[in-house]
Every structure is written in C-alpha cells, then in structure tokens.
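Chains as they are written, first to last, in our numbering: chain A, 1 to 199; chain B, 1001 to 1298.
For glycine and all other residues, C-beta sits at the position ideal for the given N, C-alpha and C.
All remarks here apply to the structure that follows.
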C-alpha cells in the first residue's frame, strides 16, 4: 500500500463515521453546529496523530501483554493535553463540547488505529494513517454539523443563511438529538448508494 | 513471553513519563485557564451593571459593584433556577434602590440546556430587556400578576427566569432594602457600625458597644434561610428577623412567626415538630452565628 493510499484510506473508503461506523457517540453528540463538529474533529485528529506517532516509535519496546494499558496511557495523556489547551485557549468551544473532550480517550477509532496500525508499522506510515483517519472523522462531523446547523438553526458558523424569516422558525428538530440520527442515516444511505460501489 | 519484570518496568516508565509531561502542560496552561475563567465571569458582570470594580462577597455568587470613587452602586448575583430541561444560569444586576439594572441568561455554550429555538429564547434581549428597572414585586409573568411577558411556547423557561430573579433579589438584595436595617433586631442601640459589609454590625449607644447584629444564611428544608440576629453583651438575643425563606407553607414557614421568634429572646428554643428541619436549621444557624461573632463585642 503506497503512502498516498495509507493517507486517503481513512478519508473516504474507511471513513470512521460513515463507513466503519465507529466513534459514533461524539459524532452524534457534538455535530449540532459546524464549529462544534469541526472542533471535535480536530481534537480527535490531534490525539490520533500523536498517539499513532508515539506508539509506532515505541512499538518494539512495548511488551505484547501490556500493550493495551500502555496505548490507553499514551492516548489519555494526549487527551488531557488537548483538554487543558482547549480550556486555556478556546474556552467557548471547550464548554460547548463538554464531557466529550475527555471522552476522546474511549473513542474506539483511536485505540483501533493504535492496535491495528501504529503498533505494527513505521513512524511515517502511522502518522499518515492517523492524519487520514482524523481528517476523515473531522470531515464527517463538519458535514453533519453543517447540515444540522443550517437546517436547524438557519445559520452557518453563526452567519444567517436563507434570510431572517427562516432563522426565526427553522427545523429546530435538526439540532436536537433525533436530527443527528436522521442526518447520519441519510448520509450513510447516500454513501452506500453512490460512493462505496466505485471504490 | 515477556518477563513480569519487564512488563512492570515498561508500564512504570510510560506512566511516569506521561505524568511528568502532563505536569508541565498543566503548569503552562493553568494560569491561562484561571485568567480566561476570571475574564469570562467579569464580562458577564459588566453586561448587567457597569461598575469600576466588582468585589467578591460570596465567590461565584455575589459581588458588590463599586464605582471609581469607591461608592457602592449595587450588587450582582447569580442564580440557577430549575427550568424545563435543567438549571438556568442567570446573572442579575441590582442598584441600591433594589431596581434591576440588567439580567443576562447564559447561552447554550455556557451551560444552558433549555430546548434550542424554544426555551433557549430566554437568552434573547427581547425577553431579558423586560427586567430592566423592575423591582422584586413586578418580577412575575403577566398571567401571574407581574409585568413580564412570557415567550410563546416557552412558559416554563420564562417563569423559571422570573421566579429565579425574584427569589434572588429577595435573597441577595435584602440588604439594599429598608428591612435590612439592623435597628429592627436591636432597638436599644442608636448607631450601628458596619464591621463586615452587609453581614456584621456593632450596636453602639453613645460610646458603649452594646452588642452585635449579624446576618447569616443557612440551608433550610426547601431553600436557604437568611436571617438577622441582634445579640447583646449580656449574652441575650435582642431580636431576630427572617430576611428570606421559602419553606413549606404552614409547616416550615413557622420560622417567620412572631411567636416562634420571640422565644429566642428568652433562650434557645426547641425544634418544632412538623417543621424540624427548618426550625433546627435556624436554631443551629443562630447558635453558630453567636459563637462566631461574639468576640466582636468588646
């Protein structure tokens, strides 16, 4: 598998949210606006890239029997780091994402990449894999956030679209929990029909 | 097969390294986190009352607004009444006459959990501006005899804001109003020297200190109880007045009754059955207050 393939694999073909259907809890919960979805995506990307990097660097020194605790230690260290950073520099985003920032620790997408890829492959490949997976996750959350914010709140990144009249009575249900399920279901169906076949 | 020793050593090394790295990140971000937090609180206060300085009276709950010449111009307090989906964080500014200078309802990003598009409309100026200039008596929904126009399809959230603000004024604004005059619990004194702002006064006649008057807040059965006590140098309670309570009607509210309060002048009364929690809270509060403030009588 070429380096380009390693990178693009996580973007579409093995997209964590739309194809593999993993990491769904934060995807559903934090995609109510573009900003939250994008922010959550970037936070998860940071963690998966860094943990892939460190785990592949240490892969020859990690005893097989205790690899999972060590992976989780490394992942949670990066999650705590991003948690502090976000609290210090992006307090609004931090409050919007709430408990889902610390919960990146248990996002199986990240532990999955550590176990399936980074613990076996070279450092550069692992970073590319993490980048692809993370960006795929970010894209998925941003698309969901866009659809939900535009339809459910009449805004995009806080700017009004479709005029004031729509903004005053939007499809509120879209930014509430059922909207998340609806959007992910429709997107999954569309991807199954049009994208998956071609790949 | 790896030896147990090697496993332990690897885990240990990784854990210690992680801890060291995190302690550095923490040390680096901690001051910044504290700063953003403080700034956020401050900007919330500025929105409801413009002042030169906000002196903390109760951390995260009550501030004294002071102008550039050091005069008290009002108070700011925060309340969290129960709304439709969860508590609603509200910041309220109050001037010295007990009039609202402004209220601010936290947005969803700051922890509001009311329904987006419905209950969450209580954050909008169209709703919050109505509170400006009102006093505790006007703050109620129109259908309940007040002058606040509820948001259509969001009555529960609107009512929660109105009652929350009203209760807050009764609770924290008490000392802006005439009922807070320490004279009502210590009639022998002709002058009161404030020792702790809104909390402790020395009761003075001529050049003699006759006793102290203090205000305390204790946890009652349904809500907090705020009361004022006068205590003389002869170790007698000269008077007691309830400034705020919202206990059960007909039970806990007995603490407001003259007959019960008069008993304090003779000695510490027994708790009243049927209102044990409320009366005990008040009795313990009075006793603890005396223990704490006794020393100010010289």
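Start and end residues, beta strand (DSSP E) containing residue i
i                       : result
residue 1244 of chain B : 1237 to 1244
residue 1277 of chain B : Segment 1276 to 1293 is the alpha helix (DSSP H) holding residue 1277 of chain B; no beta strand (DSSP E) there.
residue 1095 of chain B : 1090 to 1095
residue 1054 of chain B : 1053 to 1058
residue 1191 of chain B : 1191 to 1196
residue 1208 of chain B : 1208 to 1219
residue 99 of chain A   : Careful: residue 99 of chain A lies outside any beta strand (DSSP E) and carries neither H nor E.
residue 1065 of chain B : 1062 to 1066
residue 1205 of chain B : 1200 to 1205
Between the CA atoms of residue j and residue i - distance to the nearest angstrom
i                       : j                       : result
residue 1197 of chain B : residue 1203 of chain B : 14 angstroms
residue 68 of chain A   : residue 78 of chain A   : 16 angstroms
residue 1282 of chain B : residue 1184 of chain B : 18 angstroms
residue 1255 of chain B : residue 1080 of chain B : 25 angstroms
residue 182 of chain A  : residue 1167 of chain B : 41 angstroms
residue 952 of chain B  : residue 1201 of chain B : One cannot answer for residue 952 of chain B here, as it falls past the ends of chain B, which runs 1001 to 1298.
residue 118 of chain A  : residue 102 of chain A  : 22 angstroms
residue 1262 of chain B : residue 1086 of chain B : 40 angstroms
residue 1011 of chain B : residue 66 of chain A   : 8 angstroms
residue 147 of chain A  : residue 1006 of chain B : 51 angstroms
residue 1041 of chain B : residue 1047 of chain B : 10 angstroms
residue 1037 of chain B : residue 98 of chain A   : 15 angstroms
residue 1082 of chain B : residue 165 of chain A  : 31 angstroms
residue 1078 of chain B : residue 109 of chain A  : 41 angstroms
residue 35 of chain A   : residue 157 of chain A  : 6 angstroms
residue 1247 of chain B : residue 1110 of chain B : 31 angstroms
residue 1140 of chain B : residue 1096 of chain B : 21 angstroms
residue 1242 of chain B : residue 1208 of chain B : 27 angstroms
residue 186 of chain A  : residue 195 of chain A  : 13 angstroms
residue 190 of chain A  : residue 144 of chain A  : 13 angstroms
residue 1279 of chain B : residue 1164 of chain B : 24 angstroms
residue 1136 of chain B : residue 1098 of chain B : 8 angstroms
residue 1121 of chain B : residue 43 of chain A   : 30 angstroms
Classification of residue i by the beta-carbon crowding that lies within 10 angstroms, buried from 16 upward
i                       : result
residue 1067 of chain B : exposed
residue 1052 of chain B : exposed
residue 1186 of chain B : buried
residue 1013 of chain B : exposed
residue 1230 of chain B : buried
residue 1145 of chain B : exposed
residue 1228 of chain B : buried
residue 1264 of chain B : buried
residue 1071 of chain B : exposed
residue 1244 of chain B : buried
residue 1024 of chain B : exposed
residue 81 of chain A   : buried
residue 1285 of chain B : buried
residue 1171 of chain B : buried
residue 1178 of chain B : Legend: pLDDT at residue 1178 of chain B = 45, less than 50; position of this residue unreliable, value from coordinates given subsequently. The residue is exposed, with fewer than 16 neighbouring Cβ atoms inside 10 Å.
residue 1029 of chain B : buried
residue 1266 of chain B : exposed
residue 30 of chain A   : buried
residue 1221 of chain B : buried
residue 1019 of chain B : exposed
Residues near residue i in its chain [Cβ-Cβ closer than 6 angstroms; skip 5 each side]
i                       : result
residue 1134 of chain B : 1100
residue 1269 of chain B : 1263
Residues of its chain near residue i, where Cβ-Cβ distance is below 7 angstroms and the 5 sequence neighbours each way are ignored
i                       : result
residue 1094 of chain B : 1074, 1075, 1100, 1101, 1169, 1173 and 1176
residue 206 of chain A  : Given that chain A is displayed from residue 1 to residue 199, the structure contains no residue 206 of chain A and the question cannot be resolved.
residue 1045 of chain B : 1054, 1063, 1076 and 1091
residue 1106 of chain B : 1089 and 1112
residue 155 of chain A  : 149, 161 and 167
residue 1219 of chain B : 1281
residue 1274 of chain B : 1251
residue 1232 of chain B : 1210, 1211 and 1238
residue 1118 of chain B : 1153 and 1154
8 angstroms CB neighbourhood of residue i in its chain, flanking five on each side removed
i                       : result
residue 136 of chain A  : 10, 11, 12, 14, 15, 16 and 17
residue 152 of chain A  : 32, 170, 171, 172, 173, 174, 175, 176 and 179
residue 3 of chain A    : 124, 125 and 128
residue 1057 of chain B : 1063, 1064, 1075, 1197 and 1198
Residue interval of the alpha helix (DSSP H) (run including residue i)
i                       : result
residue 67 of chain A   : 67 to 89
residue 1296 of chain B : Run containing residue 1296 of chain B: none; DSSP gives neither H nor E here.
residue 1159 of chain B : 1155 to 1172
residue 1086 of chain B : Premise fails: residue 1086 of chain B is in no alpha helix (DSSP H) and is neither H nor E.
residue 146 of chain A  : 123 to 153
residue 1026 of chain B : 1004 to 1048
residue 1273 of chain B : Here residue 1273 of chain B belongs to no alpha helix (DSSP H), and DSSP marks it neither H nor E.
Interface flag, residue i vs chain D, CB-CB below 9 angstroms
i                      : result
residue 126 of chain A : In the displayed structure, chain D is absent; the protein chains listed are A and B.
Heavy atom of the ligand PLP within 8 angstroms of residue i beta-carbon
i                       : result
residue 1035 of chain B : The ligand PLP is not part of the structure shown, which contains no ligands of any sort.
Q | Sufficient close CB pairs (3 or more, under 8 angstroms) joining the stretch 1123 to 1131 of chain B to the stretch 1144 to 1157 of chain B | A | yes
Q.
Quick test of the definition: if touching needs 3 or more C-beta pairs under 8 angstroms, does the stretch 55 to 73 of chain A touch the stretch 140 to 152 of chain A?
A. no
Q. Does the pairing of the stretch 19 to 31 of chain A with the stretch 84 to 91 of chain A give three or more beta-carbon distances under 8 angstroms?
A. no
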